[in-house]
Structure formats: structure tokens, C-alpha cells
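The sequence shown begins at 211 in this note's numbering and counts up by one. Glycine residues also receive a C-beta, built at the ideal position from the N, C-alpha and C atoms. Since we're looking at a predicted model, the values are computed, not measured. A short write-up of the structure that comes next.
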Amino acid sequence: MTIFKLSSEVEAASGAGRPVVALESTVIAHGLPRPQNLETARRLEQIVREEGATPATIAILGGVFCVGLDDAQLEHLATSGDVKKISRRDLPVAAARRWDGATTVASTIWIAERAGLKVFATGGIGGVHRGRLPDVSADLPELARAARLVVVCSGAKVVLDLPATREWLETYGITVVGYGCDELPAFYLRRSGLPVDVRADTPEEVGAIARAQFELGKDGALLVCVPVPAAGEVPADLLNETLEAALAEAERNGINGRELTPFLLSRMSRQSGGATLRANIALLEQNARVAAQIAQTLKG
Ligand code: PSU
Ligand code: MN
211 MTIFKLSSEV EAASGAGRPV VALESTVIAH GLPRPQNLET ARRLEQIVRE
261 EGATPATIAI LGGVFCVGLD DAQLEHLATS GDVKKISRRD LPVAAARRWD
311 GATTVASTIW IAERAGLKVF ATGGIGGVHR GRLPDVSADL PELARAARLV
361 VVCSGAKVVL DLPATREWLE TYGITVVGYG CDELPAFYLR RSGLPVDVRA
411 DTPEEVGAIA RAQFELGKDG ALLVCVPVPA AGEVPADLLN ETLEAALAEA
461 ERNGINGREL TPFLLSRMSR QSGGATLRAN IALLEQNARV AAQIAQTLKG
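So, in C-alpha cells, the structure goes:
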């Protein structure tokens, strides 16, 4: 059974030391509504290409861990409705049972590293959830375990307990870079009031820190946090209102586990009249661009 499959394009680029950017697929299958999910998946790949890098969207199809998808595969993920959300714990089951699955940040990191990729772009990472249950996304321990990987995001999703998530990153020694910012971005918001470890203003500055980290052999992904573009930011009042309502509704309906994040994101989008959705797309596009620019500095 062949479990890993690199697309010929990704294999050629990676073999020649050309820049490649990994992209996750949970955001396509479970994070964004139709039809924006497929449009965004295609757009992210296009942006990576515009920056001279090769996109490698990662997903599981028929149990095969695919690194680099063709358009029909992207469309299948976005429209099938029978694509599972695969975190790290689900990887062996997905392979054995030949599932179709979209990979979260955690499982995308796991696959990207094994495919030898160095840069990965996403929207917002998972983290420590609010609420009574100690629900901590598998994204965090996987970020801590990874090595030789730069993860570009807009901080942790604002639905989370951001101070607790920030502490977790510090405890596990994950270096947090603010890209053009001094505060950890809060996904739909540009600021959180929480500090980053260092500010970098150019892809070259990030590349230098990444190369030092790789040379040291230090574990933990290098977490590069890019604030949502100002034009896409959700007004704080609107955000707080919709977030409170979504959290209360999740609590009332007993939504938890892997359902929780997609539930909160979709409720907030509806309640904000699409403002959070526009912010999500804007930050995803920007992160893909920044990731490709960083990948350019790490090629070879
Ligand atoms: N970023 C987005 N939208 C998303 C996600 C991230 O802009 O839907 C996904 C990622 O795949 C992340 C997952 O890994 O949400 C976190 O889910 P959980 O809290 O269940 O670990
Ligand atoms: Mn969880």
C-alpha cells in the first residue's frame, strides 16, 4: 500500500530545491462555506504560483496521503460533503479504511514534514478552547513536535482562549514571530494585546531566523503570525457580539470535539453578515503570499 503520494509537480519542484508551500484542506472542506471554499482553495494556489513557488495542498484521498492536488481533487474536497476532518489521531484509521479526509493544521504539519516541505500556510491555528472542558487542539503539540518547518498563520482563532494559547506556545518553546507586528494577531482582528517573541518585517528576516533554527536542530515549528489586512479586519464590537452568541449557542447545543471549530466559524459568519468570512479569506490569501515569499528565501 502506497500511503504517500507527491504530485509530479511538487516532486519536481522539491527535488530541484525550488520553493514549495504546503496548504491545509480542513479550511476548504469544513472551514469555509460553498462556493467560497473552492474559489479560495484555487485562489491560494494561484497566489503561491504568482510568487514563483509551487503550491502543495495536502489531503487524504481514498486513504492516500496526497501532497499536491489537481483541480478535480480540490473540487471533490470542496463539494463532496463526505470528507472527514482528519487530525493526527485519525491518520492511521484514514489510511487503513481508505477514507477521504481533509487535514487540519496538526495532520498537515505531520504530512508536510515527511514530504520534506519547509513552509506551510494556514488561516488561524487551533489552540486552547474556552469553556470548562480542557479542550486543547492537537495543532499545538504538533507545532511543538515539528522541526524544520515554518508555519504562517494569523495567530490562533479568536474563538479560543488566546492568553492560555499564548502561554502554551511559550511553555513548549515555540518561537512566535510577528510579521510586521508587535502583538499576536487574533485571526479576524489585527491585535490581541499579547506579545510576540520577535518582530520581522521582511521575508529575508524570517528566512534568517528559520535557517538558524534549522541549523540548531531546535524542535518546534517557527510560527510566523501575519495580521489580517486592515481592510478585511472585523470591527471589534461586531466581532465580540457574534462571538458571544456563537459560544452560547455551542454550549446550549452541547457542540464539542471536532465539530466545535467549524460550528463557531459558520455561526459567526452568518451573524456578522459575512464580515468574518471576508476576513478569513483575506487573511488566508495574504498568508499564502507571505509563505511563498519566505519559501523563496529558503530554497535550495
Ligand atoms: N483556519 C481557518 N479555518 C479553519 C481552520 C484553520 O481559517 O477551518 C481549521 C484548521 O484546519 C485547524 C482546525 O487545524 O481548524 C482546528 O480545529 P480543532 O480546534 O478542532 O483542532
Ligand atoms: Mn478539540
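- Cα-Cα separation, V444 to E461: Along the sequence shown, one-based indexing puts residue 444 at 234. Along the sequence shown, one-based indexing puts residue 461 at 251. C-alpha separation (whole angstroms): 24 Å.
- Beta-carbon proximity check, T313 vs V274, cutoff 8 Å: Numbered from its first residue, the sequence shown carries residue 313 at position 103. Numbered from its first residue, the sequence shown carries residue 274 at position 64. Not a contact, by the Cβ cut-off of 8 Å.
- Message: Just checking H339 against ligand 2 - is the residue's beta carbon closer than 7 Å to any of the ligand's heavy atoms?
- Response: In the sequence shown, residue 339 corresponds to position 129, counting from 1. Relative to ligand 2, the nearest heavy atom lies less than 7 Å away from the CB of H339.
- Message: Using CA atoms only, rank isn't needed, just tell me which of H240, E415, A485 and A304 is closest to E451.
- Response: Sequence index remark: in the sequence shown, residue 451 carries index 241 (1-based). Cα-wise, what sits closest to E451 is A485.
- Message: Strictly under 8 Å for the Cβ-Cβ distance: is E234 near chain C by that measure?
- Response: Included in the structure is just one protein chain, with no chain C present.
- Message: So for D310, helix, strand or coil by DSSP?
- Response: Against the sequence shown, residue 310 aligns to sequence position 100. In the structure shown, D310 sits in coil (DSSP, three-state: anything other than H, G, I, E or B).
- Query: Whose CA, out of A458, L287 and T318, lies closest to the CA of D300?
  - Reply: For the purposes of this step, residue 300 is identified with residue 90 of the sequence shown, where counting begins at 1. Of A458, L287 and T318, the residue nearest in Cα terms is T318.
- Is the Cβ-Cβ distance between I238 and N247 less than 8 Å? In the sequence shown, counting from the first residue as 1, residue 238 sits at position 28. In the sequence shown, counting from the first residue as 1, residue 247 sits at position 37. Their beta carbons are under 8 Å apart, which means I238 touches N247 by this criterion.
- Message: Can you find the residues in the same chain that come closer than 6 Å, C-beta to C-beta, to D310, ignoring five residues on each side of it along the sequence?
- Response: Numbered from its first residue, the sequence shown carries residue 310 at position 100. Cβ neighbours of D310 beyond the five flanking positions: L271 and V293.
- Query: Would DSSP call P302 helix, strand or coil?
  - Reply: Taking the sequence shown and counting its residues from 1, one reaches residue 302 at position 92. Correct three-state label for P302: helix.
- Query: With burial defined as no fewer than 16 other Cβ atoms inside 10 Å of the residue's Cβ, what is the status of R499: buried or exposed?
  - Reply: In the sequence shown, residue 499 corresponds to position 289, counting from 1. Burial call: buried.
- Query: So what does C276 bridge to, in DSSP terms?
  - Reply: Looking up residue 276 in the sequence shown gives position 66. The partner list for C276 (beta bridge, DSSP) reads K215 and A269.
- Message: Restricting to Cα atoms, I'd like to know which of G510, L508 and A502 is closest to E261.
- Response: One-based indexing of the sequence shown puts residue 261 at position 51. For the residues G510, L508 and A502, the minimum Cα distance to E261 belongs to A502.
- With distances taken Cα to Cα, identify the nearest neighbour of L457 among L448, L470 and A446. Here residue 457 corresponds to residue number 247 of the sequence shown, with the count starting at 1. Comparing Cα positions, the closest option is L470.
- Touch test, the region 345–363 against the region 321–335, Cβ-Cβ under 8 Å, three pairs minimum: yes
- Message: Quick check on the DSSP output: what are the complete beta strand (DSSP E) runs of length 3 or more inside the region 397–451, in order along the chain?
- Response: Unbroken beta strand (DSSP E) runs of no fewer than 3 residues, entirely contained in the region 397–451, are found at 408–410 and 432–435, following chain order.
- Query: Considering only C-alpha positions, which residue in the set V386, R228 and A374 is nearest to V434?
  - Reply: For the purposes of this step, residue 434 is taken as the residue at position 224 of the sequence shown. Closest in alpha carbon position to V434, among V386, R228 and A374, is V386.
- Query: Do you know offhand how far G365's Cα is from A440's?
  - Reply: As a position in the sequence shown, residue 365 is number 155, starting the count at 1. As a position in the sequence shown, residue 440 is number 230, starting the count at 1. C-alpha separation (whole angstroms): 15 Å.
- Message: Per DSSP, what are the beta-bridge partners of C363 in this structure?
- Response: Translated into the one-based positions of the sequence shown, residue 363 becomes position 153. Its beta-bridge partners are C435.
- Query: Quick one: is the Cβ of S297 within less than 7 Å of any heavy atom of ligand 1?
  - Reply: Walking along the sequence shown from the start, residue 297 turns up at place 87. Yes.
- Message: Less than 8 Å between the beta carbons of A374 and V438, yes or no?
- Response: Numbered from its first residue, the sequence shown carries residue 374 at position 164. Numbered from its first residue, the sequence shown carries residue 438 at position 228. No, Cβ-Cβ distance for A374 and V438 is not below 8 Å.
- Around the Cβ of L343, are there at least 16 other Cβ atoms within 10 angstroms (buried) or fewer (exposed)? By 1-based counting over the sequence shown, the position of residue 343 is 133. With fewer than 16 other Cβ atoms within 10 Å, it is exposed.
- Check each candidate in V369, A263 and A422 and name the one with the smallest Cα separation from E454. Within the sequence shown, numbered from 1, the residue matching residue 454 stands at position 244. When only C-alpha atoms are compared, the closest one is V369.
- Apart from the five residues just before and just after E393, which ones in its own chain have a Cβ nearer than 7 Å to its Cβ? In the sequence shown, the residue the question calls residue 393 occupies position 183. R401, S402, G403, L404, P405 and V406, listed in sequence order.
- Which residue from T236, N463 and V277 puts its Cα closest to that of S218? Translated into the one-based positions of the sequence shown, residue 218 becomes position 8. Checked all of T236, N463 and V277; the closest Cα to S218 is V277.
- Message: Would you say the beta carbon of S347 is closer than 7 Å to some non-hydrogen atom of ligand 1?
- Response: One-based indexing of the sequence shown puts residue 347 at position 137. Result yes, Cβ under 7 Å from ligand 1.
- Item | Nearest to R358 (by Cα), restricted to the options K328, Q283, A222 and S235 | Within the sequence shown, residue 358 is the residue found at index 148, counting from 1. Considering only alpha carbons, the answer is K328.
- Since V315 is in the alpha helix (DSSP H), which residue starts that stretch and which ends it? Here the question's residue 315 lines up with position 105 in the sequence shown. Counting along the chain, the alpha helix (DSSP H) containing V315 begins and ends at V315 to R324.
- Item | G464 beta carbon near ligand 2 (any heavy atom closer than 7 Å) | As a first step, residue 464 is located in the sequence shown; it is residue number 254 there, counting from the start. Incorrect: G464 has no Cβ contact closer than 7 Å to ligand 2.
- Message: Can you tell me whether V293 is helix, strand or coil according to DSSP?
- Response: Here residue 293 is taken as the residue at index 83 of the sequence shown, counted from 1. DSSP places V293 in coil when its eight states are reduced to three.
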